[in-house]
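Trainee: Under my numbering, the first residue of the sequence shown is numbered 2, with each subsequent residue one higher.
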Amino acid sequence: STFRRYLIAGLITLVLLFSFKGEVILSNPLTILWIAIPLFIQTNLIFALGYALFQVPSGWCADRFGPRMFLALTVLLWSIFTGLTGLVYSTAVLLCIRFLFGAAEAGIYPTASGAIYSWMPRHERGAAQGILFVGSRLGAAFGLAVVSWSVVHLGWRSAFYVLAAAGMVLAALWYLWFR
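1) Measure the CB-CB distance between Ser20 and Ile109 and report whether it falls below 8 angstroms.
2) Could you tell me which of Pro111, Arg5, Ile117 sits nearest to Thr75, measuring between CA atoms?
3) Apply the 10 Å Cβ neighbour rule to Trp175 and answer buried if 16 or more other Cβ atoms are within range, or exposed otherwise.
4) Could you pull out every residue in the same chain whose Cβ sits closer than 6 angstroms to the Cβ of Ala129, ignoring the five residues on either side in sequence?
5) What distance in whole Å lies between the Cβ atoms of Leu171 and Val16, which are believed to be in contact at a cut-off of 8 angstroms?
6) Give me the Cα-Cα distance between Gly87 and Val163, rounded to the nearest whole angstrom.
7) In chain order, what residues of the same chain lie with their CB nearer than 7 angstroms to the CB of Thr14, ignoring the 5 residues before and after it?
8) In whole angstroms, what separates the C-alpha of Tyr7 from that of Gly103?
9) Report the rounded CA-to-CA distance for Leu139 versus Leu18, giving the unit in angstroms.
10) Give the DSSP-derived three-state secondary structure of Val89 in the structure shown.
11) Do Ala78 and Ile47 have their C-beta atoms within less than 8 angstroms of each other?
12) What do you get for Val148, buried or exposed, if any count of 16 or more other CB atoms within 10 angstroms of its CB means buried?
13) Relative to the C-alpha of Val57, which candidate in Ala93, Glu106, Ala73 has its C-alpha closest?
14) With a threshold of 16 other CB atoms inside 10 Å of the CB of Trp157, please say whether the residue is buried or exposed.
15) Distance check for Pro68 and Asn45, CA to CA, integer angstroms please.
16) Measure the Cβ-Cβ separation of Leu101 and Phe82 and say whether it is below 8 angstroms.
17) May I ask you to report which of helix, strand or coil DSSP gives Arg99?
18) Please classify Pro151: does DSSP put it in a helix, a strand, or coil?
19) Whole-angstrom Cβ separation of Ala165 and Gly84, contact assumed at under 8 angstroms?
The structure is reproduced here in structure tokens:
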């Protein structure tokens, strides 16, 4: 039904909204005070490298395992790396986790696009993709405010843990609901 198809698009939008949480925490001015600016640049560079290197392999995996399994796995993995980021105590571990975080998050767009292609009739795919990309932009727009509040009230480490738990719930919802 149309309702179910757009519910799928809405759930993917929520996934994309959450996908910006890790980047927003590390780009938050309150968190930047914790790390030096050169390290901030390195963490973003290594994340982008992992993301770029794993875009095509993630697309292959999305095709092989399907959107139900692979999007749930993608969200679960980047949620784990979000939580692990809150545990780091060394530069080397932070950079390793950021690379793996980028590699895990690389699967979101190829898998989401595959889900849209599978579930939406041709004449609704453009609108569905538009809805999907709203999530990433809203995540970037509102994520800073939500994360700033979390960092101030929970501490920067706890902000990572809370967002990791929310992502794990989202991964479970996707896996249980999407067919």
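Ideal placement from N, C-alpha and C gives every residue a C-beta, glycine not left out.
Mentor: According to the structure shown:
1) yes
2) Pro111
3) buried
4) Ala10, Ile117, Met121
5) 6 angstroms
6) 10 angstroms
7) Ile132, Leu133, Val135, Gly136
8) 28 angstroms
9) 6 angstroms
10) coil
11) In the sequence as presented, Ala is not what sits at residue 78; that position holds Leu. No. Outside cutoff.
12) buried
13) Glu106
14) buried
15) 27 angstroms
16) yes
17) helix
18) For clarity, residue 151 is Ser in the given sequence; the question names Pro instead. Looking at Ser151 - three-state DSSP - the assignment turns out to be helix.
19) 3 angstroms
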